[in-house]
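*Asks:*
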Amino acid sequence: MPDFFYQSPDDMIGKPITEIYENPKFTDVLETAQPVHGYIHDLNGHEIIASRVPIIQDGNIVGAVGKVVFKDVNELYALTKKVDSLRSELDYYKNTMLQKNSSALELLKGKNPLMVSLVDTALRVAKSGSTVLLRGESGTGKELFAQLLHSESFRRQGPFIKVNCAAVPENLLESELFGYDEGAFTGAIKGGKLGKFELADGGTLFLDEIGDMEMAMQAKLLRVIQEREIERLGSSKARKVDVRLVAATNRDLEAMIRDKQFREDLYYRLNVVTLTIPPLRDRMDDVEGLIDTFLKKFNHQFAKSVTEISSESKSVLMKHLWPGNIRELENVIERAFNMLDGSEIQLKHLPNYLQILAGHETRPFVGGALENILNRVEKEALIYALNNANGNKVQAAKTLGLSRAGLYKKLIKHGLH
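Going by numbering that gives the first Met the number 0, the residue at position 387 of the sequence shown is 386; the numbering climbs one at a time, nothing skipped.
Below, the structure is given as structure tokens:
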């Protein structure tokens, strides 16, 4: 404090306060015995934020003490500005989450009886807080269901945290989920790091691609589910967590259990409630509604007014079997928005593989010989995989789980070589 008083501490000890600086304003506190907090005070030419508190002994006021909270009033202004900024940021993310939750319900709600029933079940289950396992092919909307389960639960004000178990390397997944203490390993940041379980405390943790988790990690996850507590890497301290768990997979967990690739006890912990999401080809009556939803989304995102889809384009979109499900449909519409200048999506704005299909007769999925149906699905899957791989046949074969020779054989079979 010498910078305020222009005296050393030794020189100030024992002197009356009025000799240290003018107008100390302690008389109000001494007379009323009431503390005064957070007032702006001129201290020898310095604007500070201070507090004054009476000293009471045996019911009598024997003095008062002053404390400088901010040495410069500008510090308070800077802090206030920072708080306002953080509040605005928080409001932004809250609104973003609300928009996501709203769009999730809009995308999932359709007229197909399978989806209507499934969404109704999800809305009921959301209130329970039970662990939910979401099953279905890639792109069917498992994350949308996870968001719906969170937004309709009593945890909706809490965080929604997602972890893609397939995207995090095995040696990093433990620290990603459970966090670590300072010094836990080489390169650990100072002060340690919170894991996803702690970040999701009071909310929902969505474990996507749970079927890709290694067995050793499965055992640790099982313990957390059972004990409702985690231990950070490098720590022996148990920390309680209150988390609603939602897991998702596109893999055959029952087959993995038989092959000793997935723990049966973890399976039953996760499988309290199962929601199996049908592929888009099984609910083609929802395609038109999904297209309308994506038109609204991308009109807003791209600041455009696309209101029409040519009859030829719509015919292809309504007959294509969508092996990539909702995600593929969304990507197709987004691509069209990038390609067009006007207000109508035309065939030329669609990906090449859909333009190719437009040149061939397409039959509805239902009806006809099973062999013909399977051949059509296979052909569309081949076209989709090649398009996604930008024509790279090695990558397309890997995506489809085929050898290169197997892929070439099927390409020749369908006239795609």
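Every residue gets a Cβ at the ideal spot worked out from N, C-alpha and C, and that includes glycine.
Short of 7 angstroms in beta carbon distance, which residues of its chain neighbour Thr-223, apart from the five on each side in sequence? Order them along the chain.
*Replies:* Note that residue 223 is Val in the sequence shown here, rather than Thr. The residues are Phe-196 and Ile-229.
*Asks:* On a Cα-Cα basis, can you pick out the residue from Gly-210, Leu-176 and Ile-276 that is closest to Lys-108?
*Replies:* Considering only alpha carbons, the answer is Ile-276.
*Asks:* Check each candidate in Ile-16, Arg-280 and His-149 and name the one with the smallest Cα separation from Lys-318.
*Replies:* Nearest C-alpha to Lys-318: Arg-280.
*Asks:* With distances taken from CA atoms, which of Ser-50, Asp-119, Thr-31 and Val-67 is nearest Ile-60?
*Replies:* The shortest Cα separation from Ile-60 among Ser-50, Asp-119, Thr-31 and Val-67 belongs to Thr-31.
*Asks:* How big is the Cα-Cα spacing for Pro-363 and Asn-374?
*Replies:* Because the pLDDT at Pro-363 is just 47, under 50, the model does not fix this residue reliably, and the point stays unresolved.
*Asks:* Just the C-alpha distance for Lys-397 and Ser-137, rounded to the nearest angstrom, thanks.
*Replies:* Cα to Cα, the separation comes out at about 15 angstroms.
*Asks:* Taking 8 angstroms as the cut-off, does the segment 284-304 touch the segment 147-155 (at least 3 CB pairs, one atom from each stretch)?
*Replies:* No, the segment 147-155 does not touch the segment 284-304.
*Asks:* Does the beta-carbon distance from Val-245 to Leu-133 come in below 8 angstroms?
*Replies:* Yes; because the gap between Cβ atoms is below 8 angstroms, this pair is in contact.
*Asks:* With a CB to CB cut of under 7 angstroms and the five nearest residues on each side skipped, what residues in its chain are close to Phe-177?
*Replies:* Answer for Phe-177: Gly-194, Phe-196, Ile-229, Glu-230, Arg-231 and Leu-232, listed in chain order.
*Asks:* Pick out the complete beta strand (DSSP E) segments inside the segment 190-255, 3 residues or longer, and give them in chain order.
*Replies:* With a minimum length of 3 residues, the continuous beta strand (DSSP E) runs that stay inside the segment 190-255 are 203-207, 228-230, 237-239 and 243-248.
*Asks:* Could you tell me the alpha carbon to alpha carbon distance between Ala-215 and Gly-128, rounded to whole angstroms?
*Replies:* Approximately 27 angstroms between the Cα atoms of the pair.
*Asks:* Per DSSP, which one or two residues make a beta bridge with Asn-59?
*Replies:* DSSP lists Gln-56 as partners of Asn-59.
*Asks:* Assuming Ile-12 is part of the alpha helix (DSSP H), what are its boundary residues?
*Replies:* Premise fails: Ile-12 is in no alpha helix (DSSP H) and is neither H nor E.
*Asks:* What does DSSP give as the partner residue(s) for Arg-134 in the beta ladder?
*Replies:* In DSSP, Arg-134 forms a bridge with Thr-248 and Thr-275.
*Asks:* Can you check whether the CB of Leu-274 is closer than 8 angstroms to the CB of Ala-422?
*Replies:* The first residue shown for the chain is 0 and the last is 416, placing residue 422 beyond what the model contains.
*Asks:* With H, G and I counted as helix, E and B as strand and the rest as coil, what does DSSP make of Glu-379?
*Replies:* Helix.
*Asks:* Are there 16 or more other CB atoms within 10 angstroms of the CB of Ile-16, so buried, or fewer, so exposed?
*Replies:* Exposed is the call here.
*Asks:* If you drop the 5 nearest sequence neighbours on each side, which residues of the same chain put their C-beta closer than 8 angstroms to that of Glu-370?
*Replies:* Counting only Cβ-Cβ distances below 8 angstroms, and skipping sequence neighbours, we find nothing.
*Asks:* Rounded to whole angstroms, what's the CA-CA distance from Cys-164 to Ile-256? Just pull it up for me.
*Replies:* Looking at the two C-alpha atoms, the distance is approximately 18 angstroms.
*Asks:* Grouping DSSP H, G and I as helix and E and B as strand, with all else coil, what is Val-167?
*Replies:* It is coil, neither helix nor strand.
*Asks:* So which of Glu-327, Glu-333, Gly-323 and Leu-204 has the shortest CA-CA distance to Phe-301?
*Replies:* Nearest C-alpha to Phe-301: Glu-333.
*Asks:* State buried or exposed for Met-114, treating a residue as buried only when at least 16 other CB atoms are found within 10 Å of its CB.
*Replies:* That one is buried.
*Asks:* In this structure, does DSSP put Glu-181 in helix, strand or coil?
*Replies:* In this structure, Glu-181 counts as coil in the three-state DSSP scheme.
*Asks:* Taking the C-alpha atoms as reference points, what is the distance between Pro-112 and Ile-325?
*Replies:* Going from the Cα of Pro-112 to the Cα of Ile-325 covers about 17 angstroms.
*Asks:* Measure the Cβ-Cβ separation of Ile-335 and Leu-320 and say whether it is below 8 angstroms.
*Replies:* The sequence shown places Ala at residue 335, not Ile. No, Cβ-Cβ distance for Ala-335 and Leu-320 is not below 8 angstroms.
*Asks:* What separation, rounded to the nearest whole angstrom, lies between the Cα atoms of Ala-357 and Val-315?
*Replies:* One C-alpha to the other measures close to 6 angstroms.
*Asks:* Suppose you measure from the CA of Glu-175 to the CA of Glu-287; what does that come to, to the nearest Å?
*Replies:* Each residue's Cα considered, the two are about 40 angstroms apart.
*Asks:* Who are the Cβ neighbours of Ala-384 in its own chain at under 6 angstroms, not counting the five residues just before and after it?
*Replies:* Excluding positions up to five away in sequence, the list reads Ala-395, Thr-398 and Leu-399.
*Asks:* Leaving aside the five residues before and after Asp-264 along the sequence, list all residues of the same chain whose C-beta is less than 7 angstroms from its C-beta, in chain order.
*Replies:* Leu-221.
*Asks:* Check Phe-144 in the structure and name its three-state DSSP category.
*Replies:* Helix, per DSSP.
*Asks:* Return the Cβ separation of Leu-269 and Ile-209 in integer angstroms, given the expectation that the two are a contact with Cβ distance under 8 angstroms.
*Replies:* The Cβ separation is near 7 angstroms, so the contact holds.
*Asks:* How would you write the range of the alpha helix (DSSP H) that Ala-125 sits in, first residue to last?
*Replies:* Its alpha helix (DSSP H) spans residues 112-125.
*Asks:* Expressed to the nearest angstrom, what Euclidean distance is found between the alpha-carbon atoms of Val-365 and Ala-247?
*Replies:* With a pLDDT of 49 at Val-365, under the threshold of 50, the modelled position of this residue cannot be trusted; read the value that follows with caution. The alpha-carbon atoms of Val-365 and Ala-247 are separated by roughly 29 angstroms.
*Asks:* Would you decide whether Val-28 is buried or exposed? Buried here means 16 or more other CB atoms lie within 10 Å of its CB.
*Replies:* Val-28 should be labelled buried.
*Asks:* So Ser-304 and Gln-345 are supposed to be a Cβ contact under 8 angstroms. How far apart are they, rounded?
*Replies:* Their Cβ separation, rounded to whole angstroms, is 16 angstroms, which puts Ser-304 and Gln-345 out of contact at 8 angstroms.
*Asks:* At what residues does the alpha helix (DSSP H) containing Gly-341 begin and finish?
*Replies:* No alpha helix (DSSP H) contains Gly-341, which DSSP labels as neither H nor E.
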